[in-house]
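Chains as they are written, first to last, in full-length UniProt numbering: chain A, 1 to 428; chain B, 1 to 428.
Even for Gly, the Cβ is constructed at its ideal location relative to N, Cα and C.
All remarks here apply to the structure that follows.
2 protein chains.
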Amino acid sequence: MKFYSYTDLSKDKVEAICLRQLEDDSSILERVKSIVTRVKNEGDKALFDYASQFDKVIMNKLYIDKEEIESIASTIPADAKSAIDTAYQNIRTFHASQANKEGRVETMEGVECWRETRAIEKVGLYVPGGSAVLPSTFLMLGIPALIAGCKEIVVCSPPQQDGKTNCYVAYCAVKLGIERIYLIGGAQAVAAMAYGTESVPKVYKIFGPGNRYVTQAKQLVQSAAGTAIDMPAGPSEVLVLADETANPSYVASDLLAQAEHGADSQAILVATSRKIIDKILERLEIQIKELPRREVTALAIANSYAVLVENLEQGMEFSNVYAPEHLILATEKFEQLIPLITNAGSVFLGNLTPESAGDYASGTNHTLPTSGFAKAYSGVSLDSFVKKITFQHISRKGLENIGSTVEILAAAEGLDAHKNAISIRLKG
Amino acid sequence: MKFYSYTDLSKDKVEAICLRQLEDDSSILERVKSIVTRVKNEGDKALFDYASQFDKVIMNKLYIDKEEIESIASTIPADAKSAIDTAYQNIRTFHASQANKEGRVETMEGVECWRETRAIEKVGLYVPGGSAVLPSTFLMLGIPALIAGCKEIVVCSPPQQDGKTNCYVAYCAVKLGIERIYLIGGAQAVAAMAYGTESVPKVYKIFGPGNRYVTQAKQLVQSAAGTAIDMPAGPSEVLVLADETANPSYVASDLLAQAEHGADSQAILVATSRKIIDKILERLEIQIKELPRREVTALAIANSYAVLVENLEQGMEFSNVYAPEHLILATEKFEQLIPLITNAGSVFLGNLTPESAGDYASGTNHTLPTSGFAKAYSGVSLDSFVKKITFQHISRKGLENIGSTVEILAAAEGLDAHKNAISIRLKG
């Protein structure tokens, strides 16, 4: 782990260390382009070919249906079933609370304006499942889609070695009432949902994290096919802000949890004294030895850094420039820091709130803006699955009240037909 | 205007006529790429050159400040000032009503989750002003940015022939408390805000309509620079659904108001009888003769079409496939149609509610999804200028309640360090 002292850093240097290392992925882009183009042109045939090429599975059909899903789901261990049930309930409770009905507003007498919410009718969920199987992502995307009322929920997840999906993903599907899972992974899954194939329906918006191919494919179809996407995505990251009230072992465990995602994950430690940093790194060295994924975890830790700050406020200043996907406030003084947070995806308060709680089960969504995108993007929520449509109704009285204003502004912009749409109505 | 009878159309044909005619703009893309690259590399120098090349103005500096803005604003005619004041008030009232504070949710005892809203700190507003000067767009973007509390609001608008801006735009700036206007137009303005130059600050999100160059530049910087944008954009459009209770003259005036935007605008008429269509087209022929922009308006009308439907419900079915930016329900029976609307940007109810009211002054935003994007996107609102950050706090009791669930799910996904972040805390 590198080390910086914040007060020694110039503004430019701060910006530089906050820049995520985005590899030059022009070679990936070319490969993704060719995959997307082939799926667009050849449909299912391309998908069968890619399953054999990338997933090393010969598929007979591209999906499994209700009966087969239920049969696979029934093999889930009892404790995992119960854990998914609990996570499901919490995620559902929190996302349901995000629905809000807005009232009508009379901006002038007789001029009434309001918004109504409508579900996006066709959405595509990508549930990763290559190197790690991620049923939690299925819940994080499926539950808000269900609450929103999306009519058609298309789910793609890479086939496992047996050409099926695993019991966790299958059980999530049962919980969500999803009756078909497309066993398609990577850029080809994104292309299939963006353009539609003989088997896979075309959707209006695609959600879900994935590797570089998936991410690149999402950005490609966003501009080429006009498909909306949840957000751009990069490797996962955490920033932990710690002071002397932090528990060094807990902080070490949080940094390691982030680092085990992959060598390109970032685990940033910001602390108010060198002593705290040293203690945490000491615990980290001990804990990492016990981890099955210690090699990749060590790579990520080596790519990460610690920043010494003079106080918590300065730490927040740095954090807001970094704009972390996950922000852990490992301090008893978290309440006073909340108003200072401007850029972050999801925030974990105090010593007993690890990121992994939010990754799986507390109720918040784990699909969050990485790579500094938290400066402009929110994480996935119920909002991500709906549109808000504005409505207005104007009465005769309202028309009289607003008419001349519209006429004058339309004339100022040289749009006479706009003006006339008012004038002709004012004449009665 | 072409004519179709809905019941004679196959599903494929319906999809085909709903497809917006997107010209092949690969030549535009190449030119935009070169403009964006030059601004990125050369900064202000490129902006001065483009002002002289595209706007035909030799600029000494790229912006005007408070004093000059106030001086220009003071020349505004009294009636226009008062019209802007009224529009400002209505837009402010409606957008302020979109703020909502969410409560904290206890998903399990001791596990508390909530969201807080934060303004996007740096936003860029593009106020078009080439062929038509659009102060209304300035209000539509500036007011929600102000309510949201965006710290830095960068405004770009093309210079007028005198190298300044006009009195309407200047007066809007005064109303909004914006103390600098960058006199930069087109793709170069978008590039300047995405990358920053010596004069122009870099922003996190860019808003605003514009011509093809502006639109293409927004999409380019979205993928290349990671700058968020409000939405993709295409030519403006309206769909009017009319029955025998519609006023043919009013409907004609609404179609013409849309058509005068440009030859590529679409004005779609859907009506429940041939007689209604004929009456409306009759009035349209009369009204168009009086319009100063009648030539371009006639081109747009020629590119548009009418659809005969059997009843209003069938009309809504078609409208939802078309997903219009603006939907006018020219019928007294609008209330019963509201629940049937799934895809639209903004809806105008009844015979006395012309689109132009919403374009300028009723309070709703006029920056809306075109080209069918209403299937997945909302128009600009207060939401567009904020992010929602999730927070969570877990107590000892909460940790005991949620702990095993997280441990089991983390283990199922093979993420032992995630599991350990819980286990180590459970040990106390």
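The Cβ atoms of Ala361 (chain A) and Ala87 (chain A) lie closer than 7 Å to each other. Put simply, the CB of Gly358 (chain B) is near chain A, with a gap under 7 Å to one of its CB atoms. Shown here, Leu368 (chain A) sits in coil according to DSSP, grouped into three states, outside any helix or strand. The beta-carbon of Asn211 (chain A) is placed no less than 7 Å from the nearest beta-carbon of chain B.
Going by C-alpha positions, Glu109 (chain A) is about 26 Å away from Ala145 (chain B).
The shortest C-alpha to C-alpha distance from Met59 (chain A) to any of A:Ile184, A:Ala96, A:Leu176 and A:Pro292 is the one to A:Ile184.
The region 403-418 of chain A makes no contact with the region 113-133 of chain A; the number of CB pairs closer than 8 Å stays below 3.
Ranking A:Gln89, A:Glu244 and A:Lys101 by CA distance to the CA of Lys333 (chain A) puts A:Glu244 first. Judged by DSSP secondary structure, Ala119 (chain A) falls within the beta strand (DSSP E) whose first and last residues are Val111 to Ala119. The alpha-carbon of Thr331 (chain B) is positioned some 8 Å away from that of Asn247 (chain B). Taken through DSSP and simplified to helix, strand or coil, Glu285 (chain B) comes out as helix. Each residue's CA atom was taken as its position, placing Glu290 (chain B) and Asp85 (chain B) some 30 Å apart.
A direct Cα-to-Cα measurement between Val200 (chain A) and Val39 (chain A) gives close to 11 Å. When beta bridges are read from the DSSP output, Ser27 (chain B) appears opposite no residue. Shortest Cα-Cα distance from Ile178 (chain A) to any of A:Asp162, A:Glu68 and A:Glu335 involves A:Glu68. Annotation for His95 (chain B): Ile143, Pro144, Ile147, Gly363, Asn365, Ser381 and Leu382 place their beta carbon closer than 8 Å to its own, counting only its chain and skipping 5 residues before and after. Note that the C-beta distance between Leu284 (chain A) and Ala252 (chain A) is below 7 Å. In summary, the residues of the region 408-423 of chain A whose CB is separated from some CB of chain B by less than 9 Å are Ile408, Leu409, Ala410, Ala411, Ala412, Glu413, Gly414, Leu415, Asp416, Ala417, His418, Lys419, Asn420, Ala421, Ile422 and Ser423, in the order they occur in the chain. Taking every protein chain shown into account, the CB of Lys175 (chain A) has 16 or more other CB atoms within 10 angstroms, so this residue is buried. Across the set A:Asn420, A:Ser346, A:Leu426 and A:Asn166, the C-alpha of A:Ser346 shows the shortest separation from the C-alpha of Leu239 (chain A). The C-alpha of Ser157 (chain A) is placed about 10 Å away from the C-alpha of Tyr63 (chain A). In the same chain as Leu340 (chain A), and ignoring 5 residues on each side of it, the C-beta atoms closer than 6 Å to its own belong to Met316, in chain order. In the structure shown, Ser5 (chain A) falls within a strand segment according to DSSP collapsed to helix, strand and coil. Of all residues in the region 366-377 of chain A, only Leu368, Pro369, Ser371, Gly372, Phe373, Ala374, Lys375, Ala376 and Tyr377 place a beta-carbon less than 9 Å from a beta-carbon of chain B. Fewer than three pairs of CB atoms, one per stretch, sit closer than 8 Å, so the region 201-220 of chain B makes no contact with the region 98-117 of chain B. For Ile402 (chain A), the nearest CB of chain B lies under 7 Å from its own CB, placing it at the interface with that chain. Judged by DSSP secondary structure, Arg20 (chain B) falls outside any alpha helix (DSSP H); it is assigned neither H nor E. Spatial neighbours of His261 (chain B) in its own chain (CB-CB distance under 6 Å, excluding positions within 5 residues in sequence) are listed in chain order as Ser236.
The Cβ neighbour count for Leu19 (chain B), taken over all protein chains shown within 10 Å, is under 16; the residue is labelled exposed. Of the candidates A:Val190, A:Tyr322, A:Thr137 and A:Phe385, A:Phe385 places its Cα closest to the Cα of Lys151 (chain A). Per DSSP, Lys66 (chain B) is one residue of the alpha helix (DSSP H) stretching across Lys66 to Ala73. At a cut-off of 7 Å between beta-carbon atoms, Glu260 (chain A) makes contact with chain B.
When C-alpha distances from Tyr250 (chain B) are compared across B:Asp162, B:Val296, B:Thr353 and B:Ala267, the shortest belongs to B:Thr353.
Apart from sequence neighbours up to five positions away, no residue of its chain approaches Pro77 (chain A) with a beta-carbon distance below 6 Å. Measuring C-alpha to C-alpha distances from Thr342 (chain A) to each of A:Gln336, A:Leu349, A:Ala323 and A:Ile17 identifies A:Ala323 as the nearest. Counting only residues of its own chain and dropping the five nearest sequence neighbours on each side, Arg293 (chain A) has a CB closer than 8 Å to the CB of Glu260.
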